[in-house]
Structures are given as structure tokens and as C-alpha cells.
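In what follows, a single structure is set out as C-alpha cells and then discussed.
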Amino acid sequence: MKDLIKFIQSFLQNNGFYVFLSFVVEKLVMLINTIFIVKMIPQDEFGRITLIASIIGFVTPWNGLGSLQVLMKFGAGEENEQTRKDLSRKLFRNGVINQLILCSLFIVIANFYAIKFDHLLWIILLFSVRLLGLFFQSHLTIDYRINGFNKKFASLNILINCLGLIFTFFLTINFGAIGYMISLAITPFISLFFYSKTILQQSISGLSEMNWKMMWKYGRMESLAYFASELLFSIDIGMIAIFMTDKDIALYKVAILLPMNLLFIPTILFQTDFPRIIKNSQNKDFLKFYIKNYYKLFIPIGISILLGSYFLRDFIIELFFNKSYLTGGTVFFIATIAVVLAMLFRVLYINLNSTIGRSDWNVRVSILSIVCLVIFDALLIPFYGIEGAALGMLITFLISGLYAYYLFNKYLKNEVV
């Protein structure tokens, strides 16, 4: 119990409560935003925006083409403050160029949809502006985190989300869909008002002693692993689309929506503690201490979530959606089990693999996940429908989580993988 208290105190000392609050605000803003927009703009315009937004979902993991991941990993592990500043400056300049390349690729890819759908050009251009802004926002928040400024990180996140919601309300009410898109495009650029001159200056040292080839490889492998993880959810929907109807897709998306959002709980912990874990990534006693107390915290949380979702699933679905979605109760519970298993294995060990620099392990885990999901969905959906899709996801999360655990455990035992 003393270790758990120490674990929680360390989280709070890292301004973990502020990080928690910022994530709650972010989730609430996203929910309010979605409900508001669905009611305010025509369905066809919302459909076109959603179409291009889906491409953004695939592109976002590549923000900075690895520069953000490099800054997080090697900035957090750097003890010298001046070197951290120089690293941030250099990666900012590299990242801006990389992001402009990424924006150009996004415009080219998104324009393929313009062959089939009309009135997409202005949506694509405004999303490309947003994509550039997201780099500025992400770089600044990582700079705050590697320097231990979690309170600043949380405050900035809350401010940007709240102002973004205000922009959305004002511009959408006055200008409709184009107003909504303008609000999305300009909101991330609020972060520029908080940039210090030190980030924008050239680095004092050349940082030539650093192994840039290895660092960039790590950054791009992390981006690839993140991209592959995001791909999982699209594969799930795609497999249902092959075997079932659009109504089944809608029911499945609604049924898994709330359980999947529960993954933000361990995310808060790692957003707060990630730099601290990186600094102690070679200290195996610390890593074992962290894992032990993570389980002390999340096993009771997981059991509580499972009990609540089992006994209250119909009430929860009807409260947030409507009675027509009550048939998704079984999917809701299966998805909740999958999420709890992900909390206990997949999320924990993928994040720990990142802290020790083994992004290649996470790529392996992601590839295994994709293969498993395709196989299990193909086997289960024809016989069990959307319940089969949920079971496929559950089994995939369990297998990939255990594999991530196996790889990290090898590291703890000094075994070569």
C-alpha cells in the first residue's frame, strides 16, 4: 500500500491532476462539438467533411515525420537543459519542413476523392492548414513535457480546446460548414502565441555528437507503430462493411464509442509520467516498481469498469444515445472487456517499449494486431455479426498485449529479442 501511495503521490507531484483535467475537457469539447455540428450543418456537407477528416486520422501519426517522437524520447532523456533547448530548436526547424511535405502529400492523396465527390477542394485546403497548425501545437506541448512543465501543458490544452469550441459556435452559426472548417483550421495556431524566442532561435551547438541516424529511425518507427494502431479501428469497420449493412456499422460504432474512450484513463498517466519513465528507462528496479503499482491501480479500476458496464449497459446506452441502440448491449460489454485487457497489457507495454527506445517492437506488435484482427474478423463476423467483430477485437487486444509484455519482459531479464 505504501508503494501505491508513493506512486500516486508522484503522479500528483507531476501535476497529474491538471493533465487529467485537460483530457476530460478535451473529451467533453469533442463530444459537444460533434453534437453541435451534426445539428447545425447539412448531412451532405457533414459527410464530405467526415470523409476528409478520416484521411487526417491516418496522416496525423506522421506529424513532423518522426521529429515529435525524437524530441519526446531523446529530449526527456537529456539531463543538460541547454542540450534539450538546442534539440527542441533543431527538431522544430526540421519538423516544420517535414510537416510542409506531409501537408503536400495529404493534399495530393485527398484530391483523389475529388474525382467522385464535389466541393472538396476548400475542405482539403482548410484541413491542410489545420495539419500544419497541429505540428506547432504538438511541438510546444512536447517541449513543455520534456522540461517538466505538465501544468503549462495542461493549461495550454484546456485553453486551445475551449477557445476552439467558442470559434466553432461563432463561426458555424454565422457561416455554416465553411465557418466550422475555418474554426478547425485556425484553432491549433493559438499555440504560436505561447512560443518563446528560445524555440525559434537556431541551436547554439550543432548537436553533431548525437546519433541522428538512430534517432530518426526511432522517430519514424514510432510513427509507423502509431499509424498501424490507428489502422486497426478502420479495419474493424471495413470488415463489418464487407459482411454486413450500413446500419450494422452504425450500431457497432455507437456500441464501442464509450468503451474505447475509456482508454484515455491510462493515457493520462503516461502523458504525465512519460518523461520520468524515459529518464529511468535503464533502471530496471524503477520499471518493475512502476509496473507493480500500475497493476495495483488499474486492476481495481478495470474490475469496477467491468461490473459497471455489465449491470448498467442498457442504462448507459439509452442515456447517451437512444433505445434503438439497445441491441448493441452485448457489443458494448465485449468492447469493455477488450478495453480493460488493453489497459492491463497492450497500453502499458507498448508505452514502456517506447520509453526504452524499442519502437521496432511496437511495429511488430502493430503488424501482429492487424493480421490477427483481419483473420478473427473474417472468421467470426459471418457467424456472429457485430458481436463477432467485437470478439475479434478482444482477442486481438489480448494477443498483441501479451506479445508486447513478452518483448518487454525479455528486456527486464536482459535477454536478446
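Going by this note's numbering, the letters in the sequence shown line up with residues 4 to 420, in that order. C-beta: ideal position from N, C-alpha, C; glycine also.
| query | result |
| --- | --- |
| Leaving out five residues before and five after W65 in sequence, what residues of the same chain have Cβ atoms less than 8 Å from its Cβ? | L105, S226, F230 |
| What residue range is occupied by the uninterrupted alpha helix (DSSP H) comprising L124? | 124-149 |
| Determine the extent of the alpha helix (DSSP H) in which F178 is found, giving its start and end residues. | 153-178 |
| Please list, in chain order, all residues of the same chain as V350 whose beta carbon is under 6 Å from its beta carbon, the five residues on each side excluded. | P269 |
| Which residue comes first and which comes last in the alpha helix (DSSP H) that contains P64? | P64 -> no alpha helix (DSSP H), and no H or E assigned at all. |
| Measuring only the C-alpha atoms, how far is Y408 from F348? | 7 Å |
| Tell me which residue opens and which closes the alpha helix (DSSP H) that M224 is part of. | 215-246 |
| Would you mind working out which of K88, A113, G67 sits nearest K200, comparing C-alpha positions? | K88 |
| Could you please give the first and the last residue of the uninterrupted alpha helix (DSSP H) stretch that includes Q285? | Segment: none, Q285 is in no alpha helix (DSSP H) and carries neither H nor E. |
| Taking just the CA atoms, how far does G332 sit from L34? | 21 Å |
| Just reading off the alpha helix (DSSP H) that R349 is part of, what are its end residues? | First-last for R349: undefined, no H or E at that position. |
| Relative to the alpha-carbon of V368, which residue among F335, R133, F400 has its alpha-carbon at the smallest distance? | F400 |
| Counting only the same chain and skipping the five closest in sequence on each side, list residues whose C-beta sits under 6 Å from that of V366. | M224, L227, A228 |
| Taking the alpha-carbon positions, what's the A113 to L134 distance? | 13 Å |
| Kindly give me the distance between the Cβ atoms of E48 and A244, rounded to whole angstroms, as I take these residues to be in contact under 8 Å. | Not really, about 23 Å apart at Cβ, beyond 8 Å. |
| Could you check which residue in F173, N18, L24 has the C-alpha nearest to that of Y147? | N18 |
| What first and last residue would you give for the alpha helix (DSSP H) that runs through M396? | 362-415 |
| If you reduce the DSSP assignment to three classes, tell me which class Y198 lands in. | coil |
| Starting from the C-beta of P278, find all residues in its chain whose C-beta is less than 6 Å away, skip the five residues before and the five after it, and write them out in chain order. | A79, R148, I149 |
| Give me, in chain order, the residues of the same chain whose beta-carbon lies closer than 8 Å to that of I450; leave out the 5 immediate sequence neighbours on both sides. | What the structure shows of the chain is the stretch from 4 to 420, and residue 450 is not part of that stretch, so it cannot be assessed. |
| Got a sec? Which residues, its chain only, sit under 8 Å from V28 by beta carbon, not counting five neighbours each side? | N160, I161, N164, C165 |
| Taking just the CA atoms, how far does I252 sit from S327? | 14 Å |
| Out of I359, N264, D380, A56, point me to the one whose CA is closest to L290's CA. | I359 |
| Quick one: using the 10 Å Cβ neighbour count with 16 as the cut-off for buried, is L265 buried or exposed? | buried |
| Using CA coordinates, which residue listed in L405, I259, I238, L7 is at the minimum distance from L376? | I238 |
| Going by alpha carbons, who is nearest to T37 out of S158, H142, F172, H122? | F172 |
| According to DSSP, is I181 part of a helix, a strand, or is it coil? | helix |
| Looking only at its own chain, which residues have a Cβ that is under 6 Å from the Cβ of L355, when we skip the five neighbours before and after it? | F411 |
| Between I176, F170, F197, F178, which lies nearest to I189 when the distance is taken from Cα to Cα? | F170 |
| Taking buried to mean at least 16 other C-beta atoms within 10 Å of its own C-beta, is G391 buried or exposed? | buried |
| How long is the line joining the alpha carbons of L31 and I259, rounded to whole angstroms? | 17 Å |
| Counting along the chain, where does the alpha helix (DSSP H) carrying E29 start and finish? | 19-43 |
| How about A157 and L24: do their beta carbons lie closer than 9 Å? | yes |
| With C-beta atoms as the reference, is S70 less than 9 Å away from L94? | yes |
| Taking only three categories from DSSP, how would you classify L1? | With the chain represented from 4 up to 420, any question about residue 1 goes unanswered, as that position is not in the structure. |
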